[in-house]
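17 is the number of the first residue of the sequence shown in the working numbering; add one for each residue after it. The C-beta atom is built at its ideal place from N, Cα and C for all residues, glycine as well. The next block holds one structure in the form of structure tokens; read it before the comments.
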Amino acid sequence: MNEMSASSVRKIVHIDMDAFYASVEQRDNQDLRGKPIAVGGSAARGVVAAASYEARAYGVHSAMPSVTAKRKCPELIFVAPRFDVYKAVSQQIREIFAEYTAVIEPLSLDEAYLDVTHNLKGMEIATEIALEIRAKIKQATGLNASAGISYNKFLAKMASDLNKPNGQAVITPKNGPTFVEALLVKKFHGVGPATADKMHRLGIDTGADLKGKTLEFLVEHFGKSGPYFHGIARGIDERQVKPNRVRKSVGAEDTFSQDLHAYEPARQGLQPLIEKVWGYCEANGIGAKTVTLKVKYADFNQITRSKTVPNLLRGITELEEIISLMLAPIFPPRKGIRLLGITLSSLERRASGTEPQLQLAF
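This is the structure we're talking about:
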């Protein structure tokens, strides 16, 4: 990694709320405090949207089928989501961010990147900014936040997980490359299960293994992600914190441990992906008109199905209905399904005063 002068080093903070939805529910209902709770639906097709730390101790986590969660933790309490409340709290947190910088890139309702290199408070030390922000969030909302501080987005994101919950960590330019070398690639932000499996097959288990591969090798095997992997293996990530950006599309996909052959498990597997892409749109005030469903079969052949509506999607319920309508005709599948994905495109910033309906059906 090239030596960087102090003046050229960016100061990036990644703020991540701790068990956000579940923590809001415990804050607002004292009977839930200290108990294992899951935000989501307890019905057969339900999915855990968020789990309290008490529930996580039993192995319950977000995106887990509710029946599995209940089996792991018989005492688990299910709470219906209140997205209007989560969005209101998220706005409170965003206002605190804005006291320090205008360069804010939300990732969802509960996390964001902040570039505080040139901040509104004139503060020199990013760790002190993160401490102040976390204290103000606690004072304003009663909720805990964790933070990661580093010189790029990748390492700031990784750092925010190091001392969770209610903690923070810093990865300096001096320590960044060494930190990455020791990290398992399956722990890398941006490396999903399918990519991690592929890396393992190629003999890449750690950041050091990844660093040992040439750029040409990584491009050959990982395409357009190759240069990104080549950079982060060396602690380099040139991506800027981009405020108020409207991306061309936002997507999420998941590779399943066992091939799917029936509609219900497939629809259940899609629910966390729906919540992820809709959560991004909500956090950024963005609407979508085009929904694309991606299906990859066990033989690695894949199909896509798309639907475009005349106006921006009104709420998550409409998105769920469209996904269900596109998914149903695929069953019974010609082969088992190994991967499902959702992409929203034709994105536009929502005009003020056109709030979508925040609903979640389970």
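Option nearest D32 by Cα separation, candidates R255, L199, Q256 and A185: Between D32 and the set R255, L199, Q256 and A185, the nearest pair of CA atoms involves A185.
Environment of H134 [buried if 16+ CB atoms lie within 10 Å]: Looking at its Cβ environment, which holds fewer than 16 other Cβ atoms inside 10 Å, H134 is exposed.
What residues are listed by DSSP as bridge partners for A163? The partner list for A163 (beta bridge, DSSP) reads I31 and Q184.
Buried versus exposed, by CB contacts within 10 Å (16 or more), P372: With a pLDDT of 43 at P372, under the threshold of 50, the modelled position of this residue cannot be trusted; read the value that follows with caution. By the 10 Å Cβ count, P372 comes out buried.
Rounded to a whole number of angstroms, what is the C-alpha to C-alpha distance between F347 and N160? A direct Cα-to-Cα measurement between F347 and N160 gives close to 44 Å.
Measure the CB-CB distance between I339 and V307 and report whether it falls below 8 Å. Contact check for I339 against V307 passes: the beta carbons are separated by less than 8 Å.
Evaluate S39 with the Cβ neighbour count: other Cβ atoms within 10 Å of its Cβ, from every protein chain shown; 16 or more gives buried, anything less gives exposed. That one is buried.
Extent of the continuous alpha helix (DSSP H) run through I338: Here the alpha helix (DSSP H) through I338 covers I332 to L343.
Reducing DSSP to helix, strand and coil, say where L374 ends up. Reliability of the predicted coordinates at L374 is poor, the pLDDT of 38 falling under 50, and the value obtained from them is presented with this limitation in mind. Reduced to three states, the DSSP call for L374 is coil.
Own chain, CB closer than 6 Å to G146, minus 5 neighbours either side, in chain order: The residue you asked about is not Gly; residue 146 is Ala in the sequence shown. Excluding positions up to five away in sequence, the list reads V29, A163, I165 and Q184.
Residues of its chain near L309, where Cβ-Cβ distance is below 7 Å and the 5 sequence neighbours each way are ignored: So the qualifying residues of the chain are T320, R321, I339, M342, L343 and I358.
According to DSSP, is A108 part of a helix, a strand, or is it coil? Correcting the residue type first, residue 108 is Gln in the shown sequence and not Ala. Under the three-state reduction of DSSP output, Q108 falls in the helix class.
Terminal residues of the alpha helix (DSSP H) in which I248 lies: Where I248 is concerned, the enclosing alpha helix (DSSP H) starts and stops at G242 to I248.
Could you work out which residue in S176, R330 and Y296 is closest to S106 when comparing CA atoms only? Of the candidates S176, R330 and Y296, the one whose C-alpha sits nearest the C-alpha of S106 is Y296.
Residues near I120 by beta carbon distance below 6 Å, same chain, minus five either side: Closer than 6 Å at the Cβ level, and outside the excluded window around I120, lie F113, A128, L130 and P259.
3 or more residues per run - each beta strand (DSSP E) lying fully within the stretch 21-101: Unbroken beta strand (DSSP E) stretches of 3 residues or longer found wholly inside the stretch 21-101: 28-33, 53-56, 64-67 and 93-95, given in chain order.
I346 bridges to which residues according to DSSP? The partner list for I346 (beta bridge, DSSP) is empty, contrary to what the question assumes.
Three-state secondary structure assigned by DSSP to A299: In the structure shown, the three-state DSSP call for A299 is helix.
In terms of residues, what are the limits of the alpha helix (DSSP H) holding E236? From DSSP, the alpha helix (DSSP H) with E236 extends over L231 to F238.
With DSSP as the reference, label F272 as helix, strand or coil. The answer is strand: DSSP assigns F272 an E or B state.
Mark K173 as exposed unless 16 or more other C-beta atoms lie within 10 angstroms of its C-beta, in which case mark it buried. Answer is buried; the Cβ neighbour count reaches 16.
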